[in-house]
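Novice:
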Ligand code: UDP
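In my numbering, the protein residues as written are 938 to 1171.
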């Protein structure tokens, strides 16, 4: 395949196709954390993230959330709609973990009384600072209407995924979403995978996500494969 590379990020490459509305996303095994300060590789991660993300996007589509997913074409590559990414990371939280614990002095695992939605400005040079709806409007990152859609889809995604994962003994602690514009509509883009979600085993509380890499907990590859196995019986 002689495709033209149009973008390379920390965990993915994006290639052009003949169709101007469609691109190929290729998931890499490379892993980074703490805004690129920690670097490494997780063998098999690209394939796990590709398959897990596609599986969850298909589920969300069926439940009425428009996504960029088109077609899986190999273990690590998928055709997706070419969107204009809205430069906001949406973080949805059910249980306290990660930066929320540091910021608010909560202990890891504390149940939140209601779901928390946070926004970060996607800007590596600034370290993806947290922003609110006023900043988003003041900077012109998204319109009020787009932001309403983003919030609605984010809460609905949380509900659908939380219920779905519960049956696989996976607790959805928190996750990050990105949205894009496609032909005037806001659709769910990027990925939903152990790189972008916190997944804990419902019974043991064992971490089955990128925190194993971030915190040097070991058994990183095994945790990614375990998520794939629980979701797809692989
Ligand atoms: N997250 C992500 N990309 C980022 C920042 C966060 O995918 O650039 C995900 C992260 O994996 C977790 C959730 O968003 O599932 C909340 O992350 P948090 O704000 O606690 O930051 P972290 O402690 O992971 O840096």
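Ideal placement from N, C-alpha and C gives every residue a C-beta, glycine not left out.
Can you give the Cα-Cα distance for residue 941 and residue 1114, rounded to whole angstroms?
Specialist: Each residue's alpha carbon lies about 26 Å from the other.
Novice: Is any non-hydrogen atom of the ligand UDP found closer than 7 Å to the C-beta of residue 1149, if you look at the structure I gave you?
Specialist: No, since every heavy atom of the ligand UDP falls outside the 7 Å radius drawn around the Cβ of residue 1149.
Novice: Assuming residue 966 is part of the alpha helix (DSSP H), what are its boundary residues?
Specialist: Taken as a continuous stretch (DSSP letters only), residue 966 belongs to no alpha helix (DSSP H), as it is neither H nor E.
Novice: Is residue 1117 helix, strand or coil when you go by DSSP?
Specialist: Residue state, collapsed to three classes: strand.
Novice: What is the residue span of the alpha helix (DSSP H) that residue 1020 lies within?
Specialist: Where residue 1020 is concerned, there is no enclosing alpha helix (DSSP H), given that its DSSP letter is neither H nor E.
Novice: For residue 1121, which residues from the same chain have a beta carbon less than 6 Å from its beta carbon, with the 5 sequence-adjacent residues on both sides left out?
Specialist: Excluding sequence neighbours, residue 1121 sits near nothing in its chain.
Novice: Say whether the stretch 1076-1087 touches the stretch 1136-1145, bearing in mind that this needs 3 or more beta-carbon pairs closer than 8 Å, one atom from each stretch.
Specialist: Result no; under three Cβ-Cβ pairs closer than 8 Å.
Novice: Ignoring anything shorter than 3 residues, give me the beta strand (DSSP E) runs that lie fully in the stretch 1087-1161, in order along the chain.
Specialist: Runs of the beta strand (DSSP E) inside the stretch 1087-1161: 1107-1119, 1122-1126, 1134-1138.
Novice: Can you confirm whether the stretch 1045-1064 touches the stretch 1148-1159 when touching is taken to mean that 3 or more C-beta pairs between the two stretches lie within less than 8 Å?
Specialist: Contact fails: fewer than three Cβ-Cβ distances are below 8 Å.
Novice: Nearest to residue 1088 by alpha carbon, out of 966, 1100, 947, 1030?
Specialist: Closest by alpha carbon: 1030.
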